[in-house]
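K.L.:
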């Protein structure tokens, strides 16, 4: 075929050795000599136009790459269903728990609990106490303890008023209040 | 010679032929064999639902029991094809309901499936046993309810990665108490709640249940109860795996898992607390397949601990959070690995993909049986690819995807031509290849020269000139599907060998340099091809300018001419 004369077949000959071994020296040096490892018969102007276009593309910030439709090729189902957890560290969502009168603080991972009941049961078991039942009107009845938490603004809030997810994202620290201080959180004993 | 054997004998002999290709070949021998074959053919595979009509299918294979249909072109997965392009299954079901009610199995991929279609299936095929829907859309859980209610012998309901509307129906409760035949149930892709009590009862009465994949709405305590009832499971997809490792539920789950010694395939973990993973350690040693690619929040440390125990693993799908380091662990632990897929953990962000060529090289060195790869990576080098080619000559599927589609060799800054060249030269059985990175016409020269068994090739942002495409069309004799985007291939390449397209299933070209005029002349010349132009914008105002570049072209061979269900924005020339 005519174009075989134009092709530098030696340069394109494949070997499976690493570049730098004797066999593939030819391959490497040819690759280094040409801007592109392509047959010389490719039209030069087209080559230049293409390389110009490609280097221009390279120069535009990689931000533009993110706008290529359909790249990287990930199935739309996968895209919409994989929720990457960036901020949640692998160590979970740990918050300190303090209890008045306890010698040291504890830490709990909010992520392992399914909801308030779970969390309160765990706290009861951890501190060997009873917390009582939550009601919107009266807070925690039936015990001298009440669970409270500090939110993002630093305010002390009663545990249980807001939906669990909202609580998880705003809770910075838990405090188990006791006795008279519990009363201070605004309900009758 | 021809009539030595009576038909019953021929039929019996043919019954040992299970591959479509063998059966197709046999039907070409002579008229008598053609007839015996067509009456005994039970399974038919149709790779492009527009290549043939349902009526012709039924008239040739009147006893078909199992039908596989594929609709939209592959690039539809990446939002490159209009939602309403086509691929409707309804006409097929309608035709089968009239002419072929023995249908038992229907497997659909990338098709539009309406609730009406599902309802028609439920009503029309008394022996219906198996429904497998992959990447389909257009249906809701109402359609599933119809299937559950009416298909008395249903054995398999397998929903993979479909977009399903869930209007708060109770489809799972629609399985009647008399339904005990389920062997495989996969509803992992459903977004809504399911009736948990109904699920538990269903599992309890289906003693043959081998494969169960749950969605995120099935909490760990229900999972534990299900596993206690179904220790015979071979394939499990856990839904939610978030709970307190100190809890009673977790303990029960751990105990029950230990008894599930038949589980060979594990997936799901759609919601997971990594500290609960030790519950599955006991079954890791038996696993041959592990898919954690939808499990967010399992980071490298836990992943690695888990995978180290999976010594018999053959198939692994994970996220790139595993990192090169994690891949080295896979390479040292999973010596029998055959298939590896590493997905981006953050598909919406052009962030830092966490695996590079190093991870791949490590895998290739540790896992010589590797034959199937899908690898999303930040960078690649020719050296690495050459090494991989040397270590793993058995690749059948090799799909590489660099984050930047035209990234060069990360070390030499050269094109990746030689690396991919080494792959095609070494892997003589390669059937599917996706290339990416900076690539010139050279890589296509190599592909045309060496990839003799190649059936599917995906090209994006590659090549310099028409020659690239021509090398492939001339060289790859077994090519069936060619899909190209954003590459400088034009009319010369498109028209170089028009007869080739009749030997292929389809060709997709988008954002290339092909003009209307060329597409029109191709369509004129080849009446047995449908040449479709997909227009999304307002390119078509005032008729087409022949010299204008076509944004998206999809052509495929067909025996039934232009389709009648194309939307306005799709022109068949």
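Residue numbers (this note's numbering), protein chains in the order written: chain P, 20 to 208; chain E, 448 to 1020. Cβ coordinates follow ideal geometry from the N, Cα and C atoms, glycine included.
1) Taking 7 Å as the cut-off, is the CB of residue 457/E close to at least one heavy atom of the ligand FAD?
2) So, does the stretch 129–148 of chain P touch the stretch 677–695 of chain E, judging by three or more C-beta pairs under 8 Å?
3) With 8 Å as the limit, tell me which residues of the stretch 169–196 of chain P have their beta carbon closer than that to any beta carbon of chain E; keep them in chain order.
4) Please report how far the alpha carbon of residue 916/E lies from the alpha carbon of residue 94/P, in whole angstroms.
5) According to a CB-to-CB cut-off of less than 7 Å, which residues of the stretch 838–850 of chain E neighbour chain C?
6) Using the C-alpha atoms, what's the distance from residue 707/E back to residue 507/E?
7) Listing by chain order, which chain P residues have their CB less than 7 Å from the CB of residue 530/E?
8) For a test of the three-state rule: what should DSSP assign to residue 118/P, helix, strand or coil?
9) Distance check for residue 668/E and residue 138/P, CA to CA, integer angstroms please.
10) If you draw a straight line from the alpha carbon of residue 168/P to that of residue 120/P, how long is it in whole angstroms?
11) Which same chain residues, not among the five before or five after residue 756/E, have their C-beta less than 7 Å away from its C-beta?
12) Following the continuous beta strand (DSSP E) through residue 585/E, name the residue where it begins and the one where it ends.
13) Is residue 641/E near residue 605/E, with beta carbons less than 8 Å apart?
14) Mark residue 671/E as exposed unless 16 or more other C-beta atoms lie within 10 angstroms of its C-beta, in which case mark it buried.
15) Rounded to the nearest angstrom, what separates residue 457/E and residue 468/E at their Cα positions?
16) When the distance is taken between beta carbons, is residue 532/E closer than 8 Å to residue 1014/E?
17) Quickly, what does DSSP pair residue 603/E with across the bridge? List them, please.
18) Does any CB atom of chain P fall closer than 8 Å to the CB of residue 1001/E?
19) Which partner residues does residue 849/E have in the DSSP bridge list?
20) With residue 712/E as the anchor, note down where its alpha helix (DSSP H) starts and where it stops.
21) For chain E, is any of its Cβ atoms less than 8 Å away from the one on residue 166/P?
22) Given this structure, state the Cα-to-Cα distance separating residue 476/E from residue 968/E, to the nearest angstrom.
23) Counting only beta-carbon atoms, is residue 459/E nearer than 8 Å to chain P?
24) Only counting runs of 4 or more residues, tell me where the alpha helix (DSSP H) segments fall wholly within the stretch 728–804 of chain E, in order along the chain.
25) Note the first and the last residue of the continuous beta strand (DSSP E) segment covering residue 658/E.
26) Is it buried or exposed for residue 530/E, if we count other Cβ within 10 angstroms and need 16 for buried?
27) Taking the continuous alpha helix (DSSP H) assigned at residue 136/P, which residues delimit it?
28) So that I know if they touch, is there some Cβ in chain E lying closer than 8 Å to that of residue 135/P?
29) In the DSSP assignment, find the beta strand (DSSP E) that holds residue 936/E and state where it starts and stops.
30) Using CA atoms only, rank isn't needed, just tell me which of 696/E, 452/E, 789/E is closest to residue 737/E.
31) Tell me which residues share the same chain as residue 154/P and place their Cβ nearer than 7 Å to its Cβ, disregarding the 5 neighbours each side in the sequence.
32) Does any residue of chain P bring its CB to less than 8 Å from the CB of residue 689/E?
33) Three or more beta-carbon pairs under 8 Å between the stretch 612–628 of chain E and the stretch 563–574 of chain E, yes or no?
34) Using a Cβ-Cβ cut-off of 8 Å, state whether residue 97/P counts as contacting chain E.
35) What residue range is occupied by the uninterrupted alpha helix (DSSP H) comprising residue 474/E?
36) Can you give me the start and stop residues for the beta strand (DSSP E) that residue 948/E sits inside?
P.N.:
On the basis of the supplied data:
1) Summarising the ligand content, the structure contains no ligands, and the ligand FAD is consequently not present.
2) yes
3) none
4) 26 Å
5) The structure shown contains no chain C; the protein chains it does contain are P and E.
6) 46 Å
7) Those do not exist, as residue 530/E stays about 10 Å from chain P at its closest Cβ, beyond 7 Å.
8) strand
9) 17 Å
10) 17 Å
11) 728, 731, 732
12) 584–587
13) no
14) buried
15) 17 Å
16) yes
17) 577/E, 631/E
18) no
19) 824/E
20) That residue, residue 712/E, is in no alpha helix (DSSP H); its beta strand (DSSP E) goes 712–719.
21) no
22) 35 Å
23) no
24) 728–731, 747–755, 770–780
25) 658–660
26) exposed
27) 135–146
28) no
29) Neither: residue 936/E is in no beta strand (DSSP E) and is coded neither H nor E.
30) 789/E
31) 160
32) yes
33) no
34) yes
35) 467–474
36) Taken as a continuous stretch (DSSP letters only), residue 948/E belongs to no beta strand (DSSP E), as it is neither H nor E.
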